[in-house]
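Data block below; observations after.
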Amino acid sequence: MTDPVNENPQNAAQPGDVVAQGEQVPAPEGAPGSTVAGGTGRETRTGQFFRELLSGTWLVSVLAVVIALVIGGVLIALADQRVQETATYLFARPADFFAAVWDSVYGAYRAMFRGAVYDFQAETFSRAIRPLTETLVFSVPLILAGLGLAVGFRAGLFNIGAQGQIVLGGIFGAFIGFTFDLPVVLHVTLAAIGAALGGAIWAGIAGFLKARTGANEVIVTIMLNNIAVYLIAYLLTTQAFRLPNSPFPKSPDVPSDSAAYPLLLGPSFRLHAGFLLAIAATVFVWWLLERSTVGFEIRAAGSNPNASRTAGISVNRVVVLTMVISGALCGLAGSAQVLGTERALTAGVAASYGFDAITVALLGRSRPVGTFLAGLLFGALRAGGVLMQSTTETPIDIILVVQSIIVLLIAAPPLVRAIFRLPAPGARPRGVRTPVVKEAAA
Amino acid sequence: MSTVITEQARPQERTDAILKPISWRWPVLYGVLTLAALLLFTLLPGLEGETIYQLSRGSDLFKIPNFAVPAALTNWLLVAVMVALTILAFWLTRNRRDVPRWVPVVFGIAFVLTFLTYVGAGRSTVIPVTTLLSGALALSVPLVFGALCGVVCERSGIVNIAIEGQLLGGAFLAAVVGSLTSSAYLGMIAAPIAGALVGVLLVFFAVRYWVDQIIVGVVLNVLVVGVTSFLFSTVLTEDKATWNANQRLPELPIPLLSEIPVIGPVLFRQTLLVYIMYAAVILLQIFVFRSRWGLRMRAVGEHPKAADTVGIKVNRTRVINTIFGGAIAGLGGAFFTVGSGLAFGKEMSAGQGYIALAAMILGKWNPTGAVAAALLFGFSKNLGNVLSTIGSTVPSEFLLMLPYAVTIFAVAGLVGRVRAPAAENIPYIK
Amino acid sequence: MEPTDVKLELRGITKAFGPLVANDHIDLVVEPGEIHALLGENGAGKSTLMNVLYGLYTPDDGQILLDDRPVTFSGPGDAVSAGIGMVHQHFMLIPVFTVAESLALGYEPVGAAGLIKVDEARRRVKEISDRFGFDVDPDAYIEDLPVGAQQRVEIIKALSRDAEVLILDEPTAVLTPQETDELIEIMRQLKESGTSIVFITHKLREVRAVADRITVIRRGKVVGEASPTSSETELASMMVGRSVNLGVDKAPAQGGEESFVVSDLTVLDHAGKAVVDRISFAVRRGEILAVAGVQGNGQTELTETILGLTEPVSGSITLDGEELTGRPVKERLRAGVGFVPEDRSTDGIISSFSVAENLVLDLYDTEPFASGLAMSPAVVRENAEKRAREFDVRLTSTADPISTLSGGNQQKVVIAREMSRTLRVLVASQPTRGLDVGSIEFMHKRIVEERDKGTPVVIVSTELDEVLALADRIAVMYRGQVVGIVDGGTDRDVLGLMMAGVPLEEAQVQAAEHRTTLATADAVAEQEGTS
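Residue numbers (this note's numbering), protein chains in the order written: chain A, 771 to 1212; chain B, 8 to 437; chain C, 2 to 532.
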């Protein structure tokens, strides 16, 4: 356990808490033994409210999104042809340049808003709110996979394999969907369970290898991602999976009346019951982590595997179980694709959800509610990005840039504060003296 | 104070040594592989005729003619060799003696030969051994550079998952600069800058803001994919001729050495990038373990507090080394574009950065070990490619899976007990 | 180069970490060629002060003066150039380096292209090592060296920089009484050559034997100076601020029948070497058996094997006849094994968990805390309130993360957790390491209480003071073997020799011939009536 030569500090913060230990935990006001030694100034209630608001994490999150959008905007402007043209004669007619910049950036983001929230150019009401429903649709796999990754992060496991687990979930789910002919409720339930099973097995491989051999799960899950890509490519050439006479590799359709997730808002919208599944999954993950014995073990092993072992928790078992649960949730994300939106299996079933889910989980700080909200936000980005790409020809890859910058900034709140000169939490405003505390050091 | 003797146990002489339980892992592994070779490549139908091996290419010093081997006989012989080696391994392990290093190497060669002989049996297409080997070396280039970057960064205490992004960024910048200047060499020189930039971001978030290094690495990879894909889809596609015209580093054969049959073309008929790689491996191996820079780097990665107490600036060392490592990886990324004569394409690094990490772990954080592991992975990748062109019965998708499966196998099975630098992923905060 | 004699003065040094003031206007004067002891309990601020002196921390206020000239250190490099050397309590050595590399680090002799001149580095090691009669192999790997040798390497490191002031932070924690004598001899040699020594400790007995002058620190402030002739009681009360009972009130053991038996236990490390080598002992009901020995002789592996983290390659561990080997940790805990780990921060508690959660770390999945998979937070909370009261844990709320508690209170949580189960054996490893005196007293009291309930108790401790205070019988370990099992009242010197591998009878003979400083101090203390 210890030796005098090499004292390792306690396990660094779990990955869900993106900030490693070291961010100063502010001394709570009125800490035991503290005496406010007669300050020369007193803070007003309003002053205190604003200070807490300005130093809170909500504001940091919002500002992080703002900064990311700004940087995204810079890239958009840089790549825009008109901007490049006007830049050549910038000093002659600067107005042109700025107009071009504004046009490109504003145009892109306006399209994004139209695609994600509310289409103010639409004729009918239902068309106008369709973007919002699209956001919800895109958010379903993000939430489900994000929850899966969040569970992994809480256990200290970096499951980067969501992409592959989604693919496997799609394979299993779609197969059950288009192969068998079963009564409605049974069919869709089995297909969903199958999808979860597929993802669970794929992730379970990595979990098992980590528990048995200590194999680095980052590498194993990423390798499994690549293998999954080739696996699905192969399967789509086989008889069991391939739809004959299709111009590109595709599976037979999943029958909408029995195996697919029912549509929630009628046929003019794509929103399907997978969204309810996502909500249920969020509640389930909350219960799992906060109220169940399994969650207790997961959090313990994620924070300090040594102490967990000493207390009798089998960390190996936790590793495998966590990866299985994580994979199952990612598999369900795959089901949202094959049973919900696409209703067929193609090579691109996972799109980029696997990697987006990582950013979702990180933004949500591996907490269920946070992940749900983060999933909604990134679902909005995606929905908006689709329209943005089609109307303004801004490639959808810009979303990756925005997402990753958001996550990096969220991970480093002091950086955001530094950019906007905001006070740090617990910082005392000028004028109030620091209480002097005398207490024996631990 | 009195001493009452209650019991007395004299320390015993060591009469019978209590020994560690024998680990049968390696002999069992040999046995399984031998069995696989027997069942899959020897007993299965399809092993008729001859397999033609080609050992030289046009411009060698003296040409070795292709030689054909009777497929079935060859494989039986090879299997016999493998069986012998397996028995040797079992016997040595049982007697608690070390299995010498040449055994796995010979075994590996025999195993691969059975596979190749099986694949080429009865076909008129040759098994191009030289191409296999030189292609393997070429494909290993980004892996080697990536693994060397990993060694430098991790031995300093920084976990660098962003090697993937550094490779991709290096590929991108090499392509763009090469295209703009119409010079592959200038592209190659520019590539490290991209890798170093990613390294700057990595240390900025990891050292300054104490963000978990694995997370920063993963997110940076996503960021690089986003930026490069975005720029590809806009600027590079709109005006390919200016921004993404493919340039190619010329092959620079070393006179005389490159004409040695079999290994000559493999090792000495390569681009400047590959020669730089040779130099980098040798230099790093020396400098990591015998120089002042290397000693301080390892101190900072194992026990930063101890380094601090002798006056070494821990975080500054980490920052500089990580940026330097990033430059190494960026240079490796140049392989994908100017090193291969290809234009930039989206996500063209295809997971090599992660394989490079596996090579680093497999190589136990030593430059030469990492290179050996990288060569193994590169070979498996090239095997997959070559076999699809030969046209074997195995579906091409499974062949493409090969390097990834080999990596998993290596990380899980072959690694055993490895010890990472003790202080990695732990920010040094005073 | 002859070191010039230097007077060191600390004036008004203040250092705070947030609201916690570790050093509060501390004044300290060390004359040249003096052995000055800095005495204070764990947590008093001694190490912080020395880190300030060594340049690892910058003081918020105050000055450091060398020969009446103020100096500022921006880092340890400056301190070393100024002639200050430090041997830390937790060694600043890199396990995978050789001795020569460890010595070279930071001051590497380089040749062409920055490559290190290895022979030169080796030569440096030999030179100093010979000067003081150390006998250290420059090519040995640090991790292969026994702890005492590692300390010598640390001392060589400091001396090789021509230190004029040498700071030793709790140096005797890892030494036997005989090795302590050797260290004292080294200190005297250094003193004669003009080097000043600052000797940080919390052990009263040593201080009086070694120091020329003693400064006592309590809660970050200097409480006063004392001379080595002060009695232990005086020093103790200065150190703690109230009168202290230095012994442990312990009735003689009411020995019952043998209950916890370890028999022929052998554990191998990954290289195949026996780190626990055919160990056998038996503990009776209502008895405390202390396993004594210098750190690194297999005690850690022994306790890990008893708990179940490691499996032995042969031998057995039985509890009232029930075999424990082969059973997972959880089963052993439920079978009544209580375990206090050596390093509470890495193995005992989960820092980010609340106090309440830490209190159920082993029972979270049993009734009444959980039914099936679902946990009951209310029950967990109630339990925490109860235990916190029972064990006098100072906290604001049981929902606070346990990291907000002091070390002593954290250890109380650990022991509370273990003692809330019915125990059939208690195994406590270094139970009072790093704790303040009040917490030490508390822990000892509870351990004795547990014994008096009839539970067999096994204490593993490297602190001979603790062993002598608590043990009914003592098993001495050396290189993985039990050298002997002796009565709790055995002479310190005999124990010390056994800890170095000398068998009992020979140890008794040798001890009679050579009394170590500490054993002599024991005798003096006994006369004073404080033992």
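Glycine residues also receive a C-beta, built at the ideal position from the N, C-alpha and C atoms.
Could you work out which residues of chain B lie near residue i, taking near to mean beta carbons separated by less than 9 Å?
{"i": "C/ILE157", "result": "What C/ILE157 touches in chain B: nothing, since even the nearest Cβ is about 13 Å away."}
{"i": "A/ILE1068", "result": "Those do not exist, as A/ILE1068 stays about 18 Å from chain B at its closest Cβ, beyond 9 Å."}
Is residue i close to chain B, meaning its C-beta is less than 7 Å from at least one C-beta of that chain?
{"i": "C/VAL292", "result": "no"}
{"i": "C/LEU427", "result": "no"}
{"i": "A/ASP873", "result": "no"}
{"i": "A/SER831", "result": "no"}
{"i": "A/ILE1176", "result": "no"}
{"i": "A/LEU1170", "result": "yes"}
{"i": "C/GLU450", "result": "no"}
Between residue i and chain A, is there a C-beta pair that is closer than 7 Å?
{"i": "B/MET408", "result": "yes"}
{"i": "C/LEU40", "result": "no"}
{"i": "B/PHE6", "result": "Limits of chain B in this structure are 8 at one end and 437 at the other, which puts residue 6 of chain B out of reach."}
{"i": "C/VAL30", "result": "no"}
{"i": "C/VAL330", "result": "yes"}
Checking contacts by CB at 7 Å: is residue i closer than that to chain C?
{"i": "B/ARG299", "result": "yes"}
{"i": "B/GLY318", "result": "yes"}
Can you tell me which of the three DSSP states residue i falls into?
{"i": "A/GLU1060", "result": "helix"}
{"i": "A/ARG1012", "result": "coil"}
{"i": "C/ALA272", "result": "coil"}
{"i": "C/LEU320", "result": "strand"}
{"i": "C/GLU226", "result": "strand"}
{"i": "C/ARG209", "result": "helix"}
{"i": "C/SER232", "result": "coil"}
{"i": "C/VAL449", "result": "helix"}
{"i": "B/PRO260", "result": "strand"}
{"i": "A/SER1078", "result": "helix"}
{"i": "C/ILE289", "result": "strand"}
{"i": "B/GLN277", "result": "strand"}
Under 7 Å between beta-carbons, which chain B residues line up against residue i? List them in chain order, please.
{"i": "C/ALA83", "result": "Residues of chain B passing the Cβ test: none, with the nearest at roughly 12 Å."}
Output, in chain order, the set of chain A residues within a Cβ distance shorter than 7 Å of residue i.
{"i": "B/PRO402", "result": "TYR1004"}
Interface residues of chain C around residue i at Cβ under 7 Å?
{"i": "B/ALA313", "result": "MET93, LEU94, ILE95"}
{"i": "A/THR1063", "result": "TYR365, ASP366, ALA371, LEU374, MET376"}
{"i": "A/ASN1076", "result": "THR347, ASP348"}
Mind listing the chain C neighbours of residue i? Cutoff is C-beta to C-beta under 9 Å, in chain order.
{"i": "A/SER1096", "result": "By Cβ distance, chain C contributes nothing, its closest Cβ being about 18 Å from A/SER1096, past 9 Å."}
{"i": "B/GLU309", "result": "ILE95, PRO96, VAL97, PHE98"}
Can you pull the chain A residues whose beta carbon is under 8 Å from the beta carbon of residue i, in chain order?
{"i": "B/ALA7", "result": "Residue 7 of chain B lies beyond the stretch modelled for chain B, which goes from 8 to 437, so this question has no answer here."}
{"i": "C/PHE354", "result": "ARG1069, ALA1070, SER1073"}
So which residues of chain C does residue i contact, with C-beta pairs closer than 8 Å?
{"i": "B/ALA306", "result": "ILE95, PHE98, LEU106"}
{"i": "B/LEU174", "result": "Residues of chain C passing the Cβ test: none, with the nearest at roughly 29 Å."}
Looking at the ligand ATP, does it come within less than 6 Å of residue i, judged from the CB to the closest heavy atom?
{"i": "A/TYR879", "result": "Because no ligand of any kind appears in the structure shown, any question about the ligand ATP cannot be addressed here."}
Please list the partners that residue i has in chain B, where partner means a Cβ-to-Cβ separation under 8 Å.
{"i": "A/PHE1184", "result": "In the sequence under discussion, the amino acid at residue 1184 of chain A is Pro, which differs from the Phe named in the question. Those are TYR216, listed as they occur along chain B."}
{"i": "C/HIS102", "result": "A small correction: the amino acid at residue 102 of chain C is Glu; His does not occupy that position in the sequence shown. Here the neighbours are LEU302."}
For this session: Note down, in chain order, all residues in the region 1079 to 1090 of chain A with a beta-carbon under 8 Å from any beta-carbon belonging to chain C.
Result: Within the region 1079 to 1090 of chain A, the qualifying residues are ARG1079, THR1080, ALA1081, GLY1082, ILE1083, SER1084.
Exercise. Should the region 57 to 73 of chain C be called in touch with the region 10 to 30 of chain C, which here means at least 3 C-beta pairs below 8 Å?
Worked result: At 8 Å Cβ cutoff, the stretches touch.
Exercise. Between the region 968 to 976 of chain A and the region 1091 to 1100 of chain A, are three or more C-beta pairs nearer than 8 Å?
Worked result: Counting C-beta pairs closer than 8 Å gives three or more between the region 968 to 976 of chain A and the region 1091 to 1100 of chain A, which meets the contact rule.
Exercise. In chain order, what residues of the region 338 to 352 of chain C put their CB closer than 9 Å to some CB of chain A?
Worked result: From the region 338 to 352 of chain C, only PHE340, PRO342, GLU343, ASP344, ARG345, SER346, THR347, ASP348, GLY349, ILE350, ILE351, SER352 have a Cβ closer than 9 Å to chain A.
For this session: Count the C-beta pairs between the region 898 to 916 of chain A and the region 1079 to 1092 of chain A that are closer than 8 Å, then say yes if the count reaches three, no if not.
Result: The region 898 to 916 of chain A, when compared against the region 1079 to 1092 of chain A, does not touch it at the 8 Å Cβ threshold.
Exercise. Touch check for the region 92 to 104 of chain C and the region 150 to 166 of chain C: three-plus C-beta pairs under 8 Å?
Worked result: Judged by Cβ distances under 8 Å, the region 92 to 104 of chain C makes contact with the region 150 to 166 of chain C, as three or more pairs qualify.
For this session: Evaluate contact between the region 376 to 383 of chain B and the region 142 to 156 of chain B, counting only Cβ atoms and requiring at least three cross-stretch pairs below 8 Å.
Result: Touching, yes.
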